[in-house]
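Protein chains in written order, with this note's numbering: chain A, 77 to 403; chain B, 12 to 523; chain C, 25 to 366; chain D, 25 to 366.
Note that beta-carbon positions come from the ideal geometry of N, C-alpha and C, so glycine has one too.
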Ligand SMILES: Nc1ncnc2c1ncn2[C@@H]1O[C@H](COP(=O)(O)OP(=O)(O)OP(=O)(O)O)[C@@H](O)[C@H]1O
Ligand SMILES: Nc1ncnc2c1ncn2[C@@H]1O[C@H](COP(=O)(O)OP(=O)(O)OP(=O)(O)O)[C@@H](O)[C@H]1O
Ligand SMILES: [Mg+2]
Ligand SMILES: [Mg+2]
């Protein structure tokens, strides 16, 4: 299937997919570094998985001491956590901000204090405020999902399409919806029903129940998050509906198993990598140790890494399943 | 009276309950010190003492509400400990507390059976309770109180009856009554005494607390007097003790409980308060009357006759249907207590706890509540001034304990009443509405309040007094309005009326 | 002489022949909740007008009920807590803890090898136990309920995360999913559970000694104590009850979502309190209405449903929700005043 | 005549020469908050032990204070509301609305072409206006505060989302960022604002007639009314004041984050109520302590800081937070009891 990436700035690179078992020279033990990690509250499965993977990753490196702050959706608290890390003179900060723009100032302060900041998942409002930015391709996943649906529905012009986004006030949700809309437009389709959830199983079930009720007939559903997707599937089962197919996003293991089974409404999911923060930690380690990515000629760590939003379907699910996270 | 015959054999009566060397300390105060006290089956044992003497505390120890710091309680000669009210209730002790202990949001029947609900397998038997409650209320002569009515809708007197019914709803061997008559009128008190006699006749012991000595004469057998937390006289026989003696025991001095002479009003004294065609509730007769500077107007009537409602309408705490109230000729905005206070009116409401006091606040705050704006400059308060004014009032009213930083809650009932008076005295007003000003107030303080009213009258303040004690209304007022069923059935000079006449007028009014 | 001069008409109502007592009570229940019923009907009219058959459909009604069920059950427990003038902020977190505990692997394996009934029982036991801890701290530790349950809210959520390792636990016990997640007589089982719990709650609150004492403690705890009621013990039980309801909600949500997750019940506490309070239970205690609570829950879930059917944005929904809450309460008040006049 | 046989020692304290009245009041303030001070010191000791100099550092102290500042300012307003036995669930949403409104493009353009002071003034005006709406509904509409502010919480948040189109608004008014976001005399401006608001709040509550009326209304609204206090108007003003504080919090957060966003202040209401209640203000009204509130806010922000300095798992932090809240309150109570005994 056809996958498009977001318009690429010059200093952007793509990360290879099967990363975790990197055994190259980068794994060699270096100078001992302390890395601070601050993340939003683990109030949804994906966020929890992302945080956990980061913490796990740090444990793999004996030269890394990771300091994790209480997960919070209060930007004020998160700012203070970063301030604490600055006071604490950590060697690098991995920051997954609740709101990128709101954390920009304090990230800048850290950079000014000589502490490299690795910005993960939700982008700051100025590029200078981070040393490295690791992002999922939010616009890209929207486009991928849209393209997939276009391809499946082909010439069905009056197709009804449902969308279940996550928390609507997050920029990443808006980017995803943007990409989805743009891709659908290319084949003359548009979203006919949209009910936002909150990234949790429970909210997914609630949103899907109402969505299914609102649309007596559907051809496709795009659900923004595989964790809430479990709830969405439960609602679909309860409503006993199967006239449509569903595309997910996130790439959780159980969604991939659904795809693998073949008899599920889930036909595809886009990989929105949960290991972004883990990659952020690795990157922070290298930056702090003043090392480079061994596989690149560049002797510096790249400025921006936009992770590839692969589309997982029945055809390639075997390849992705082993590295998928259990939500 | 048959009453005397029933109690003729006092000596053979066995001691039902005994308290020995009871000691109770509250933070910063010793409420009871080495108090010993005993009640015999079938007797009415009266507990006397000034406000704050420790009467309520003593009976609360007995009812298991307070745990004594020292001392022992013996029931039938056996030592017993009440660690909760439940224990005391189980031992057969029923209590009517001074501060009404009813749940206003529950019905009469539900209140009566609270704690021992009639039920089958945990399911409440609504019907059985209604029937039983109606029976109990009937026994007390109050069939008209519906068992399914919410208690909050009842007047204080009605609530007192419910409290009584509740105490009777269990098997009791001892009933404690803490100032039950404070909210009752004379007719009601007679009713109450009938019940008490029936109880004692069946061998139930009664502990009776009241500040009205004449009641003690009628109903009491023996008396114990408390003063400053000590029993200063125990087991006095009522028949052999004079009032003077009792007062001396209580106060340490002699007080003649007579009303100060009514201040004579000069002709041409201006009207300060004018009530014109005031209609309180739809369909009621309009009320009109004036009160002159220095005049004391008494409102006499039975409990529930609507006197409090008249005061409330004048004051603006409830909005009248129509009519005008003027103070010094100036018309007040109807239904606005703010306007009334601004125009120089003050009200001491009958329910001091719920309507007047900041229970958890200091005496200072309570005194200065109405006039807080005055004790400082530009909105800032001055603790010094407030403290001084409060100390003055404490002195004037002989409030005890004389500590203005104490919380109002920790004062005894009578002293709480004085705080409310003190609020308006320190505020200063032209018209003072007093609703049951001596409710729960001891003999000493009572005569002080009479004195105060007289002084205020001399100072040219117009006063309206509502009291359920006819003697008080007659003794204090220049003019009396007799109220019955929300109507004024008679106006006359106090000097020309007697208690009997008023009662007759009231009865006539009722039958009409 | 009369102490209750007020209303003769009123007292005659109460003195009616006995067999109409039940009828009178129903009347009273309906009358007292007139405003809410009115608001709900209004909402349904709006729903019918804007979404036509899609709203008035039986399936849609079931959807509304299914979505109301979990909040509803938890709200029944909360009605008791609020009636005794308490508050419980921890119900959402307790629900998560119960759900997670019941769905851990060992729990599921045990349930699979014995009976699926083990899952709901675990959830209820955990819920009740957490509620009991609240109750003990509040009743005997004398820590105010707001603080205690705020602390429990943090602690239970944290514990749920630790136990689940923040992973969503898929439920593989088919018996459970079929029994609780399925239908019974054509009605979703969880809706039936909601109905049962509501009826049970109504009976308990209005027809038993326990309920009577609950009202008494809320109305005047001191008076209740003086009447010999064991206020502490009762308070403790009420919080345990609220925890139990959260546990029931937990297994219902488990069936609905086929998962147990530490994120279950996020923000539930406010929804619950809102439903109870809209339903006419006073936060100051002493008055509580199960029927009102049920109406409150239905109003909120109908509202969400109508917004979803009309494809409206969440932001507009929020503003409308705010407005509707206030309007519902104002109508309720107006009707109450008019009623008390007549 | 001596009736209070025991309390000679006590009353002599109060009969001391007048100039020590102030001193006595301070003593009382300290004494009443002994438990909180104790808890805070204990936390600091733990911080010092676990994080050493990193905790005891001046910079770190400033971090704690900066974190406390926004919640602190909003909590001061909430202390008044809770003292009159009300509750305000809408402060977080009002903060968001005020922040978003002030930072919309037109607002910023206007501020840039005139003066940056326009931003904080807008925020405060919007906050106060929203609070006033609460106040009017509560005082004159007689809708209970919980419901009113719950509705406002939804409506203000929704409105903020609509105005901002859910986009975070970047602040480009440099004057504002420098003035409020910067330092003054080496201390962060927002900390200074917090200190000023706290002192202002303390004076208002404890030294003015307004404060006295606030206590009176909370203690017994009926008594206050009968004493001629304009209870409705006062209530309305108190809610407006809480809104104003949320508005102040809004521009402080704007400076701290350099943004205005509809997600600002999410969940703030619970933090605020928790701080106020931990600080000894009774939810039942009549008692309120600004000093206690400040301590409550500091305790929570110190806790967050210590967690950030130490490397605890996120979930363990939640559990520990719950436990610490309960322990702090239990200590407070124990000390209070012991004190009243002596
Ligand atoms: N809970 C309490 N805390 C502190 N002091 C108290 C408490 N209860 C009573 N006191 C004090 O104990 C003393 C005795 O009070 P008590 O209520 O027993 O008086 P009383 O004789 O019943 O007076 P009254 O005739 O006015 O009702 C008073 O000084 C009162 O202030
Ligand atoms: N808020 C109320 N709700 C219902 N009934 C009331 C209310 N206030 C007063 N009443 C009724 O109105 C009647 C008149 O009461 P009011 O208090 O004016 O009488 P009163 O002559 O002052 O008698 P009391 O000695 O009981 O104060 C009472 O029987 C009472 O039941
Ligand atoms: Mg007493
Ligand atoms: Mg009266």
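The Cβ of residue 175 (chain A) sits closer than 7 angstroms to at least one Cβ of chain D. Linking residue 347 (chain B) to residue 429 (chain B) through their CA atoms gives a straight-line distance of about 25 angstroms. Annotation for residue 473 (chain B): the continuous beta strand (DSSP E) segment containing it runs 473–477.
Residue 131 (chain B) is bridged by DSSP to B:134. No Cβ of chain A is located within less than 7 angstroms of the beta carbon of residue 317 (chain D). Taking a contact to require three or more Cβ pairs closer than 8 angstroms, the region 87–101 of chain B and the region 184–201 of chain C do not qualify as touching. Judged by beta-carbon spacing, residue 477 (chain B) lies within the 7 angstroms limit of residue 318 (chain B), meaning their Cβ atoms are closer than that value. Proximity of chain D to residue 341 (chain C) at the Cβ level (cut-off 9 angstroms) is accounted for by 178 and 182, in chain order. The three-state secondary structure of residue 462 (chain B), taken from DSSP, is helix. For residue 140 (chain D), no beta strand (DSSP E) encloses it, and the DSSP letter there is neither H nor E. Counting only residues of its own chain and dropping the five nearest sequence neighbours on each side, residue 150 (chain B) has no CB closer than 6 angstroms to any other CB. Counting only the Cα atoms, residue 307 (chain A) lies some 14 angstroms from residue 290 (chain C). Put simply, the backbone Cα of residue 331 (chain A) is about 9 angstroms away from that of residue 344 (chain A). Within 10 angstroms of the beta-carbon of residue 90 (chain D) lie 16 or more other beta-carbons, which makes it buried. The beta-bridge partner set that DSSP reports for residue 212 (chain D) consists of D:207.
Cβ-Cβ distances below 6 angstroms link residue 229 (chain C) to 235 and 314 in the same chain, with the five nearest sequence neighbours on each side left out; the list follows chain order.
For a cut-off of 8 angstroms, the C-beta gap from residue 262 (chain C) to residue 105 (chain C) is around 6 angstroms, short enough to register as a contact. Note that the C-beta distance between residue 119 (chain C) and residue 343 (chain D) is not below 7 angstroms.
Distance from the CA of residue 342 (chain A) to the CA of residue 312 (chain A), rounded to the nearest whole angstrom, comes to 11 angstroms. Under the Cβ distance rule, residue 352 (chain C) does not count among the residues neighbouring chain A, no pair being separated by less than 7 angstroms. Ligand 3 has no heavy atom closer than 6 angstroms to the beta-carbon of residue 356 (chain C).
Taking a beta-carbon distance threshold of 7 angstroms, residue 244 (chain D) does not count as an interface residue toward chain A. Annotation: residue 287 (chain B) to residue 444 (chain B) spans about 17 angstroms, alpha carbon to alpha carbon. Residue 468 (chain B) and residue 308 (chain B) have their alpha carbons spaced roughly 11 angstroms apart. CA-to-CA, the gap between residue 248 (chain C) and residue 315 (chain B) works out to about 27 angstroms.
Take residue 319 (chain A), set aside five residues on each side of it, and the residues of its chain with a beta-carbon closer than 8 angstroms to its own are 293, 294 and 295, in chain order. Leaving aside the five residues that flank residue 431 (chain B) on each side, the residues in its chain whose CB is nearer than 6 angstroms to its CB run, in chain order, 359, 363 and 367.
For residue 171 (chain B), the enclosing alpha helix (DSSP H) stretches over residues 167–179. Residue 160 (chain B) carries a coil assignment under DSSP once its states are collapsed to helix, strand and coil. Taking a beta-carbon distance threshold of 7 angstroms, residue 349 (chain D) counts as an interface residue toward chain C. Not a single CB atom of chain A sits nearer than 7 angstroms to the CB of residue 128 (chain C). Contact between residue 269 (chain D) and residue 221 (chain D) is confirmed by a C-beta separation of about 7 angstroms, below the 8 angstroms threshold. At a cut-off of 7 angstroms, the C-beta of residue 332 (chain C) has a neighbouring C-beta in chain A.
The continuous beta strand (DSSP E) containing residue 302 (chain B) extends over residues 298–303.
By the neighbour-count definition (other C-beta atoms within 10 Å, threshold 16), residue 348 (chain A) is a buried residue.
At a Cβ-Cβ threshold of 7 angstroms, residue 169 (chain A) and residue 238 (chain A) do not count as neighbours.
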